[in-house]
Amino acid sequence: MPAKGIKNNGRASDLTLGWLTKDHGEKWEDWRTLMAGWMKDQHQGVTQKLSGLALFAMHYLPKVPIGHQPAGLFQAARQGAIPCLAGILGEIQSERMVVKIQNYIVNFIDWVIEHHFSEPNDQGRMIPMVDNPFKRASHKGISLTETVRNPLPYAYIKELREILCPQPFGDFNDWAWAHQAFPQAMINGKGSGKGGDWFKIDPARIDTADPDCVWRTRTVTRDWRGPVKIHQIWSPVRSVALLIKLHLPLRTYQVRFLDSGEADTWRYEKGQWVLNQQHSFKSGSEKNPWNRGVFCRIRSPDIGEIMTGLYVNTNKTADQKKEERERGYTIPWQHAEVLYWLEKLRNWQEKYNPIDSPTPCTNLEAKHFGNTKSEQQKCEMGDICFLFRFAGANVQERGKPIGAHALEKLWFRLLSTLEDRVAARGQTLSDGSRLRFVMLNPDGHISNQTATEFPLHSLRVSLLTCYAMEGQVPIPVLSKLIAGHSRLLMTLYYIKPTPAMMTQALDAATEKVDAAQSESLRTFLRDADMRQITCKVAYREESSLQAALANRNPVGWEHRHIGLCLVGGNSAKSDETGNVGGCWNGGEYIRPLGNDLQQYGPVPNGPENCVRCRWFVTDASYLDALRAHFNTISYKASLAVNLAIEHEQARDDLLDARYLATEQGLPFLQQHELQEAERRYEKQIVLADQYAKDLVACFQLIGRLIAIEEGRTESDNATKLVAVGSMQDIHQPISFIETRSELLQLVQICEDAEIYPDLADDLRKTPAIEKRSRALNNLLMRNGYSPVFMQMDECMQLIAGNAMLRAMARQASPNDQLEGFSYVAGALEAGQHLKLLPDGIKALEEVYQGPVIKLSDLIATSAKAILKFSHD
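Just so we're aligned, residue 0 is where the sequence shown starts under numbering that gives the first Met the number 0, counting upward by one.
This is the structure in structure tokens:
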């Protein structure tokens, strides 16, 4: 960051770092050249890396003797005359940013050594002549997961939608709150004409008959001309962008960069699709259509009808190194309200802010992206007809997207309005204090116009959690959310164990409770009447529950790790008796058969998929097992979606090839390969959808159990869940952790698999154990130890790996195992040195019942054996 009072000299976006020599002299030219050379090769995280180099040059190097020369840094390091890098960065940045920036600097110095301080040996191999004076930083004590705040409850999200858009299928004229969200700015007590989303317009362009044309007149002061009457029109761009954020769990960047589809071959109009005759700059043809707009024309493979989904044309890290047509992903959800307002906005833009052609992303600046992009990144993004462009900007900016921070003030004011409404209803905390949605200063006043208790970027996780809690997640959307490279881990905020609970007595008590939990549920089902049962347990269908419990014979009930199967785990279809229950008829209702009989389909997604079976019942004692089961399903869904993305990429490449062949009048000779890629893609996406449905079914059971527990009376003391803190503290007892770390996901599900053998069986059918063992072997070898996991079978790898990771996680975070796992997984993926490794190796040796040998000892032993053999 530039020092206070110093004019910003472009250091935030100048990839050549020209400011370094301009502000500090030509003696810094060597460092400037090296930094610019390294930045030229960087195409991800460009803004943070550029900021890191600026801090390194401005705050660290001047403290090094002869620090303006690269060789001076290495010379000072050999003499022990360099200051602590982390200490200097810590005076300027947060702890999390210090770790990131220090690691960027380590990477930069590694590059400098490789390209400018290395020489070839006799074999031509480049050997570094100096050592990197910096070490990679550790994330110890810093949570590496993305979810750090409580999700905003779904009831409040719905109310926010209603405040912003009172009529779901109305007109922009109805958005009264949004019209007044930014009052007219005043200068010296007189109107300035500047009013947030209001901008000046020629009166001739105002269409008074258009219910989407919201206009007004204002008297403003124009210097020497005095009061002047002007006409203004309201831009719905910001408000619609926020509405989309309140409906769909998309990142703000994804919303801002949505394509209007004005250059697409097909045009979406009032629920129908017509060929685009509106714009001369449209691309593609009916035979080879161009489709980059948010309105996505999809032919349903099952019934052949055309439906309308949503196309998100950006997908963060998943878009890296992809061409323009390969970017983004499709959400096959025909969300009527979202499509309605997106179409309204597109039509408004065409009428009041038209464009002549798509905008090349090479014309965009850092303020549009929210960070600095390399020229290669900009080129790869291609051209976009930005739906969320602001008509009130200057002529050069009107075709470009609204800025990265454009929604923050509107979000603040919307939450502030919600806070006032909640207070007016008398809803308060248990101590009578006001429910806070926006942040306050220590003096009790509002801190600024953007700081909230629920940041805008947390809406994504809020929606994901709330939709699942209410059981309203559209299944294809959930699978596509996973396709957006997110991995989901569930946590239950009930009974967080403390070190004091880890005593031998409580361990013994826990074993007794675990051993008795299935019998407790069996006894309850046997003795209770149906009304009690339906109020105390979770199930899928009451009529099936009544049928299965008709004779109350527990002998036919089979214990599963997540509950009870009321038909004895029968997975074989009986042809003799049509009324015998089992997996083959545990699915959805199909039709009546007469004589009060009904026909049901098989359990979806295969036999013994209990969470979607009508013969399955569970209670609160299985909550943790259900959480573990959810996380395992989430991993399987991730595998299926990743494979689907791979096949989708191959298919899209072939579609591009067919498009080019058709445009050039050449025959397309890869039709067979295209059909095969399409078939393989469809197979994996169907599987991913099934896993997504399993996720929702599992979540519905968990949500039902949580509701039962929270609704129990004071006198009901039977095996209660004990919550930590007050009810306000646990208003969202189930939460998602959204992470891009596959290793963290693997660590968690492998830990669960050791507790629940059924999950271990499922896990052994996936590459999870092998992937985790590979990461642990790499850790051991990087630190000079032999890769012992290569010598173990799968079961031993699971147990030994869990023991090793538990020991390291316990040292990293004694009171929170998940936080410890997060730290260890982050360090492993970053290739960092772990000081916790000795604890992990000790635990590994205890389980493995053998030493973990150092590679140096192994090599020395082998050398001695060879030498002895040669002497003999």
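Glycine included, C-beta positions come from ideal geometry on N, C-alpha and C.
I'd like the list of long-range same chain contacts for F387, defined as Cβ closer than 6 Å, with 5 residues on each side in sequence excluded. For F387, same chain residues with a beta-carbon under 6 Å away, outside a window of 5 residues either side, are V236, A240, R255, P400 and I401 in chain order.
For M306, three-class secondary structure by DSSP: Strand.
Specify the secondary structure class of V616 as computed by DSSP and reduced to three states. Looking at V616 - three-state DSSP - the assignment turns out to be strand.
Alpha carbon of Y847 to alpha carbon of L836, nearest angstrom: Going from the Cα of Y847 to the Cα of L836 covers about 16 Å.
Helix, strand or coil for W272? Go by DSSP, reduced to three states. In this structure, DSSP gives W272 an extended state, which the three-state scheme calls strand.
Does DSSP put M125 in a helix, in a strand, or in coil? DSSP places M125 in strand when its eight states are reduced to three.
Looking at the secondary structure, which residues open and close the beta strand (DSSP E) in which E557 lies? Element bounds for E557: E557 to R559.
Under a three-way DSSP split, which group does M726 fall into? For M726, the pLDDT reaches just 36, beneath the cut-off of 50, and the residue's location in the model is therefore unreliable, leaving the point undetermined.
Cβ shell of D761 (< 7 Å), same chain only, five flanking positions each side left out: Closer than 7 Å at Cβ, skipping near neighbours: T631.
With a cut-off of 8 Å, do at least 3 Cβ pairs link the stretch 811-828 to the stretch 740-751? Because the criterion of three Cβ pairs below 8 Å is met, the stretch 811-828 and the stretch 740-751 touch.
Coil, strand or helix - E118 by DSSP: When secondary structure is reduced to three states using DSSP, E118 falls in the strand class.
Secondary structure of H30, DSSP reduced to three states: The question names His, yet the displayed sequence has Trp at residue 30. When secondary structure is reduced to three states using DSSP, W30 falls in the helix class.
Residues sharing a beta bridge with P226, DSSP: BP columns for P226 point to T220.
Inter-stretch contact at 8 Å, needing at least 3 Cβ pairs: the stretch 198-215 / the stretch 159-166: They do not touch, by the three-pair rule.
What residue does the alpha helix (DSSP H) around R872 start on, and which one ends it? The structure shown has nothing for residue 872, since the chain only spans 0 to 871.
List the DSSP bridge partners of C83. Paired residue(s): none; C83 is not in a bridge.
Identify the residues that DSSP records as bridge partners of D382: which are they? Bridge pairing for D382: P359 [DSSP].
What would DSSP say about C295, mapped onto helix, strand or coil? When DSSP states are grouped into helix, strand and coil, C295 belongs to the strand group.
Between which two residues does the beta strand (DSSP E) holding I330 run? For I330, the uninterrupted beta strand (DSSP E) run begins and ends at Y328 to I330, by DSSP.
Could you spell out where the alpha helix (DSSP H) holding S48 opens and where it closes? Note that residue 48 is Lys in the sequence shown, not Ser. First-last of the alpha helix (DSSP H) with K48: V45 to L54.
Buried or exposed, going by whether 16 or more other CB atoms sit within 10 Å of the CB of E90? By the Cβ neighbour-count rule, E90 is exposed, with fewer than 16 other Cβ atoms within 10 Å of its own.
Rounded to whole angstroms, how far is the Cβ of V640 from the Cβ of A676, which I believe are closer than 8 Å? In fact, because the Cβ distance is near 16 Å, the residues do not count as touching under 8 Å.
Where G562 sits in the DSSP three-state scheme: Strand at G562.
Helix, strand or coil for V846 per DSSP? Of the three classes helix, strand and coil, the one that applies to V846 here is helix, per DSSP.
Given this structure, state the Cα-to-Cα distance separating S259 from G664, to the nearest angstrom. When rounded, the distance between both Cα atoms is 30 Å.
Can you tell me whether K26 is buried or exposed, with buried defined as 16 or more other CB within 10 angstroms of its CB? By the neighbour-count rule (16 or more Cβ atoms within 10 Å), K26 is not buried but exposed.
Any 3 or more C-beta pairs closer than 8 Å across the stretch 37-55 and the stretch 373-390: When Cβ pairs closer than 8 Å are counted between the two stretches, the stretch 37-55 is seen to touch the stretch 373-390, the count reaching three or more.
Suppose contacts are defined by Cβ-Cβ distances below 7 Å. Is V213 in contact with F171 by that definition? Yes, the pair counts as a contact, with Cβ atoms nearer than the cut-off.
Take the Cβ of N275 as the centre, count every other Cβ of all protein chains shown within 10 Å, and call the residue buried at 16 or more, exposed below. Under this definition N275 is a buried residue.
On a CA-only basis, which of T661, F698, K635 and Y690 is nearest A624? Give me that one, please. If we check each option's Cα against that of A624, F698 comes out closest.
Pull the bridge partners of T427 from the DSSP assignment, please. Paired residue(s): R433.
Taking buried to mean at least 16 other C-beta atoms within 10 Å of its own C-beta, is E285 buried or exposed? Within a 10 Å sphere around the beta-carbon of E285 sit fewer than 16 other beta-carbons, which makes this residue exposed.
Rounded to whole angstroms, what is the Cα-Cα separation between Y328 and V311? Answer to the nearest angstrom: the Cα atoms are 5 Å apart.
Per-residue DSSP class, three states only, for Q41: Three-state result, Q41: coil.
Judging by CA-CA distance, which residue of P61, A11 and A808 is the nearest neighbour of G24? The alpha carbon of G24 has as its nearest neighbour, out of P61, A11 and A808, the alpha carbon of P61.
Given Q395 as reference, the closest of W410, P359 and G800 once Cα atoms are compared: Just measuring C-alpha positions, the residue of W410, P359 and G800 sitting nearest Q395 is P359.
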